[in-house]
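What follows is a set of notes on a single structure, which appears directly below.
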Amino acid sequence: MRAFMDNDFLLYNDTAKELYHNYAASMPIIDYHCHINPAEIMENRQFENITRAWLGGDHYKWRLIRAMGVDENYITGDAPDREKFQKFAETLPRCIGNPIYHWTHLELKRYFGCDMVISGDTAQEIWELTGKKLQDDAMRVRGIIAQSNVQAIGTTDDPADDLSWHKALMDDPSNTVTVSPTLRPDKAINIDKPGFSEYIAQLGEVSGTKIVTVDELKAALLVRIEFFNEMGCRASDHGLDYVVFRPADAKTVEDVFNRGMSGEAVSEAEAEIFKTDMMLFFGREFSRLGWVMQLHYGALRNNNEAMFARLGPDKGYDAISTRECSKAVSGFLNALEREGKLPKTILYSLNPNDDAMLASLMGCFQGGGIAGKIQHGSAWWFNDTKTGMESQILNLANIGALGAFIGMLTDSRSFLSYTRHEYFRRILCNLLGDLVEKSEYPRDMKTLGLIVEDISYRNAARYFGYEIKV
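Position 249 (the sequence shown) corresponds to 790 in my numbering; numbering is contiguous.
So, in structure tokens, the structure goes:
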């Protein structure tokens, strides 16, 4: 029996081991989508302790601790950091089969040089070891990024953001990582959600545009899009409950907008009309600028109303929606393609049942001289597991051209999450190695190595327009 998390962790054949150690492991990281705070990079944050580094804002871990019946005070409350860590350490041994068990031990091994297995019994020793290590300058945020071999980071930013931290990083000669803003305009299209009119007023102030009509809203957004472009933005990201496609004439769209701005109730169908018009507007502009459009959809959010009222969003109370919207995805892509204005697009569904659908549908819109112009995004959120990644990769391999895949991202708020790229690369290499070992692909290590290096790094660098360094 092999030791837990040995050097060949997740690599179960000789071809997989060679592919990972000789090709994948050394590739730089293009973390093209995450939720980290650029201010913490600029300020080179030093974490006070492992609780602050691991548990702050991590609703993945919070869900697990809650599942073991732990009081909320030890999760999002004001319990001491040491006690919060103890509850997490006591929880983790029960999480067999959960990727967080692997991720956490990978982070412990890679960043802290610690091979201990986390439990309630080892919590104190790990607390002391990590606490001491976190005092080193190498474990400040920039040090973590450097030792993780990260070349580029794509943050997630509201159109009204002044991007001052991005500007500071651009002007800082000591900064070695490219930090690109990513436009996340959800609040500008969520006409059916509270706070819409207030947000539109804020957007008008920031853009210097009085917004009374849909055209004025688009003009204001265009001001912000151009500003983001000047600041190095390469992509948008859209968090959609579901993909919509309900086109309507300009007057109908205007009527819906007026209702939303006046505070009147907007029906689901009316909201879809407005959202469709706005998403088509975004697609056209991103195509013009050469940006990547990312569509994340399929989350059923804020299911526990009592806890939402108490804690707010993004606290671990979201789930997978099973709403089917393949016709809407097709209609949206087709409308832009018909105009010759379909941008590079990444499709992510939180429902794993959509994997084959997306892998097949994207093949209908490839071309334009861009390898993998339409992407089936890496396994996301609840699918970001060993089996979820395997399923997404195999679906893509079965139906599309796996060699054009842009690979992994962290989608994380934690600077210690870069080991998720290692986790993905090991799984990828094992799957490819398995095909070779089963005589389903020749043992051509030159071609296999190129495929692994491209998916690990080069494809994403090309797709988003970053310099290819190796």
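Glycine residues also receive a C-beta, built at the ideal position from the N, C-alpha and C atoms. Quick caveat, the model's predicted, so the values are computed rather than measured.
Within the same chain, show all residues whose beta-carbon is closer than 7 Å to that of residue i, passing over the 5 residues directly before and after it, in chain order.
{"i": "F1015", "result": "Because the chain spans 542 through 1011 in this model, residue 1015 falls outside it and cannot be assessed."}
{"i": "A812", "result": "I732, D733"}
{"i": "K728", "result": "D699, Y740"}
{"i": "A760", "result": "T750"}
{"i": "Y642", "result": "L633, C636"}
{"i": "S748", "result": "A761, V764, R765"}
{"i": "V794", "result": "V755, I814, F815, D818"}
Within a Cβ cutoff of 8 Å, which residues of the same chain sit near residue i, ignoring the five residues on either side of it in sequence?
{"i": "N590", "result": "D622, R623, F626, W668, T671, G672, L675"}
{"i": "F798", "result": "I732, T754, V755, L758, F815"}
{"i": "L878", "result": "Here residue 878 is Glu; the residue named in the question, Leu, does not match the sequence. Counting only Cβ-Cβ distances below 8 Å, and skipping sequence neighbours, we find F906."}
{"i": "R1048", "result": "Because residue 1048 is not part of the residues shown, which for the chain are 542 to 1011, the question remains open."}
{"i": "R543", "result": "D549"}
{"i": "E963", "result": "A566, L647, R651"}
{"i": "E809", "result": "D733"}
By a C-beta neighbour count over all protein chains shown, 10 Å radius and 16 as the cutoff for buried, is residue i buried or exposed?
{"i": "M819", "result": "buried"}
{"i": "N1000", "result": "buried"}
{"i": "I766", "result": "buried"}
{"i": "S997", "result": "buried"}
{"i": "A664", "result": "buried"}
{"i": "F545", "result": "exposed"}
{"i": "N548", "result": "exposed"}
{"i": "I1020", "result": "The shown model of the chain, from 542 to 1011, leaves out residue 1020, and the question about it has no answer."}
{"i": "S721", "result": "buried"}
{"i": "V807", "result": "buried"}
{"i": "G918", "result": "buried"}
{"i": "S689", "result": "buried"}
{"i": "E559", "result": "buried"}
{"i": "P714", "result": "exposed"}
{"i": "S980", "result": "exposed"}
{"i": "R984", "result": "exposed"}
Note the first and the last residue of the continuous alpha helix (DSSP H) segment covering residue i.
{"i": "M930", "result": "927-940"}
{"i": "V747", "result": "737-748"}
{"i": "D622", "result": "622-632"}
{"i": "D790", "result": "That residue, D790, is in no alpha helix (DSSP H); it is neither H nor E in DSSP."}
{"i": "K708", "result": "705-712"}
{"i": "Q688", "result": "682-688"}
{"i": "V755", "result": "755-771"}
{"i": "M583", "result": "579-583"}
Between which two residues does the beta strand (DSSP E) carrying residue i extend?
{"i": "H837", "result": "833-838"}
{"i": "M652", "result": "Correcting the residue type first, residue 652 is Tyr in the shown sequence and not Met. First-last for Y652: 640-653, but that is the alpha helix (DSSP H), not the beta strand (DSSP E)."}
{"i": "D572", "result": "570-572"}
{"i": "T719", "result": "719-721"}
{"i": "I814", "result": "Careful: I814 lies outside any beta strand (DSSP E), inside the alpha helix (DSSP H) at 809-830."}
{"i": "I730", "result": "Careful: I730 lies outside any beta strand (DSSP E), inside the alpha helix (DSSP H) at 727-730."}
{"i": "K885", "result": "885-890"}
{"i": "A693", "result": "691-695"}
{"i": "D778", "result": "776-781"}
{"i": "H917", "result": "915-917"}
Would residue i and residue j be called neighbours here (beta carbons separated by less than 9 Å)?
{"i": "D975", "j": "A557", "result": "yes"}
{"i": "Y564", "j": "V993", "result": "yes"}
{"i": "P511", "j": "G610", "result": "This structure gives no information on residue 511, because the portion of the chain shown stretches from 542 to 1011."}
{"i": "L969", "j": "I934", "result": "yes"}
{"i": "A776", "j": "T863", "result": "no"}
{"i": "T717", "j": "I686", "result": "yes"}
{"i": "A840", "j": "W706", "result": "no"}
{"i": "I616", "j": "R954", "result": "no"}
{"i": "I606", "j": "V682", "result": "no"}
{"i": "L1005", "j": "A594", "result": "Residue 1005 is actually Phe in this sequence, not Leu. Not a contact, by the Cβ cut-off of 9 Å."}
{"i": "K885", "j": "M802", "result": "no"}
{"i": "N614", "j": "T926", "result": "no"}
{"i": "L830", "j": "F873", "result": "no"}
{"i": "E648", "j": "M657", "result": "no"}
{"i": "G909", "j": "G941", "result": "no"}
{"i": "L551", "j": "R851", "result": "no"}
{"i": "Y601", "j": "G857", "result": "yes"}
{"i": "F653", "j": "T592", "result": "no"}
{"i": "G773", "j": "T697", "result": "no"}
{"i": "Y1007", "j": "I659", "result": "no"}
Give me, in chain order, the residues of the same chain whose beta-carbon lies closer than 6 Å to that of residue i; leave out the 5 immediate sequence neighbours on both sides.
{"i": "R842", "result": "D859"}
{"i": "N936", "result": "D896, A897, A900"}
{"i": "H837", "result": "G780, Y889"}
{"i": "N554", "result": "G974, E978"}
{"i": "S958", "result": "T951"}
{"i": "Y783", "result": "Y838, R864, C866"}
{"i": "A920", "result": "G929, M930, Q933"}
{"i": "I1009", "result": "R999, A1002"}
{"i": "R800", "result": "V807"}
Given the structure, does residue i come close to the ligand HEM, in the sense that its CB is under 8 Å from one of the ligand's heavy atoms?
{"i": "A693", "result": "Of the ligands one can find in the structure shown there are none, so the ligand HEM has no counterpart to examine."}
Evaluate contact between the stretch 899-914 and the stretch 944-959, counting only Cβ atoms and requiring at least three cross-stretch pairs below 8 Å. Between the stretch 899-914 and the stretch 944-959, the count of Cβ pairs shorter than 8 Å is three or higher; the stretches touch.
Does the count of Cβ pairs from the stretch 844-855 and the stretch 786-798 closer than 8 Å reach three? The stretch 844-855 makes no contact with the stretch 786-798, as fewer than three CB pairs between them are under 8 Å.
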